[in-house]
Every structure is written in structure tokens, then in C-alpha cells.
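In my numbering, the protein residues as written are 4 to 197. In this text, a Cβ means the ideal position worked out from N, Cα and C, and glycines have one as well. What you are looking at is a predicted structure, and each value in this text was computed from that prediction instead of being measured.
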Ligand SMILES: [Zn+2]
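Below, the structure written as C-alpha cells:
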């Protein structure tokens with residue numbers, strides 16, 4: 004199901020939610036897990052062809068958030084430098100429980116670039132905790148905050164995983180709550196129900 008959450012912004016509701024911002028540049032936030040790929044493709048294509056997506060930004064590299072990166076042939080991919088480093092240097096320690104399809108692994112391993120501080124209309128805010136390289140994306144104009152697995156509607160994300168940093172989680176959650184308060188942001192979480 005696609006839900007319009009702003010004039011040019013859509014939520015693709017799924018096991019893990021993906022988000023699509025169509026203007027000024029088509030951007031996808033998180034891509035969902037591979038066993039939902041046909042659903043994710045069909046939902047996005049109701050709004051825009053997959054080939055028109057220019058940028059894919061990832062809150063973190065857990066499989067349910069990044070496993071469909073390979074369906075965007077013309078996109079550039081971005082994630083936090085710390086997340087990229089953990090995947091490339093410590094993949095077996097942090098991600099060994101899940102085997103990514105080869106096309107996905109190749110993108111995560113070679114093509115994903117470190118996030119800049121800003122994209123058009125979107126600020127990137129590091130929130131280490133759920134993983135060391137977690138980020139949230141803040142859209143002050145549309146008053147939306149994309150929180151991935153760090154903060155859900157009424158629950159916080161796990162911080163006991165191999166690549167979590169529990170001591171930083173509290174500070175990251177406080178940072179998010181201050182942003183929500185200051186800019187009156189609506190929460191766009193990575194999952195609706197857990
Ligand atoms: Zn996660």
C-alpha cells in the first residue's frame with residue numbers, strides 16, 4: 004500500500020517501510036527486504052518508474068532496510084560512513100546471520116557512498132545506537148523525520164545487536180526527541196508494527 008504523506012512524498016507500507024520523495028530529485032529512503040521485492044517495485048511504480056530514482060539513502064544496513072537496492076538501475080546509494088565501514092570490514096561479525104543476494108552485496112560492498120550532511124530538503128543526523136552507523140533523515144520543510152529502527156511510534160529500536168552501541172542510544176534518542184519538538188516533525192518510522 005502506498006500512502007501519500009506530503010504533496011510529493013509517499014510511504015510504501017511494508018514489513019519495513021520505504022519512503023519516496025519525488026521532488027526536486029526522486030529519492031528513496033530504505034528499500035525493504037528481498038522477499039517483498041515484487042511488492043516494493045509495484046508500489047513505487049504506481050508513482051514513478053524505478054529507473055527515475057536518482058538517490059537511495061539508507062538509515063542502516065540491516066537486511067530488511069537495504070535488501071532491494073539492486074532494483075534502482077540509475078541511483079546513487081548513500082549510508083553513514085560508519086555503517087559502510089562496519090559492513091566492509093566486519094561483515095562476518097555484524098551481518099553473518101544474513102546472506103545478502105550477490106547483487107545487493109556488490110552494491111553495499113563497493114557502490115554505497117558516505118552520506119553528505121544534506122540532500123536537497125533533507126538533513127542527515129547521526130544517531131548511533133541501534134547500529135553504530137544509524138542515521139535519521141530530517142525534512143524540516145515537510146515536517147517529517149525518518150527514524151529507521153531507532154524510534155518507532157511508541158517503541159525504541161533494539162540496541163543489543165552485535166553492531167549496536169547501547170551507551171550512545173540514550174543520547175541519540177534525546178537528540179531525535181529534541182528535533183521532533185523543535186521543528187514539530189511527524190514520525191516516519193522504519194516499522195509500524197513489531
Ligand atoms: Zn535494524
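**OP:** Could you name the residues of the same chain whose beta carbon sits closer than 8 Å to that of residue 119, not counting the 5 residues immediately before and after it, in chain order?
**Re:** 81, 127
Subject >> At least 3 beta-carbon pairs within less than 8 Å: the region 11 to 27 vs the region 179 to 194 >> reply: yes
Subject >> Residues whose Cβ lies closer than 5 Å to any heavy atom of ligand 1, in chain order >> reply: Working through the chain, the matches are 65, 152.
Original post:
Roughly how many angstroms separate the alpha carbons of residue 84 and residue 5, rounded to a whole number?
Top reply: 30 Å
Original post:
How many angstroms separate the CA atom of residue 143 from the CA atom of residue 63?
Top reply: Their backbone Cα atoms lie some 21 Å apart in a straight line.
Original post:
If you compare alpha carbons, which of 145, 175, 109 is closest to residue 159?
Top reply: Of 145, 175, 109, the residue nearest in Cα terms is 175.
Original post:
Quick check: the region 25 to 34 against the region 161 to 180, are there 3 or more CB pairs under 8 Å?
Top reply: no
**OP:** Check each candidate in 71, 151, 45 and name the one with the smallest Cα separation from residue 105.
**Re:** 71
**OP:** On a CA-only basis, which of 25, 166, 29, 73 is nearest residue 137? Give me that one, please.
**Re:** When only C-alpha atoms are compared, the closest one is 166.
**OP:** Return helix, strand or coil for residue 157, following the three-state DSSP convention.
**Re:** coil
Original post:
For the region 25 to 69, which segments carrying the alpha helix (DSSP H) assignment without a break, of at least 4 residues, lie completely within its bounds, in sequence order?
Top reply: 40 to 48, 66 to 69
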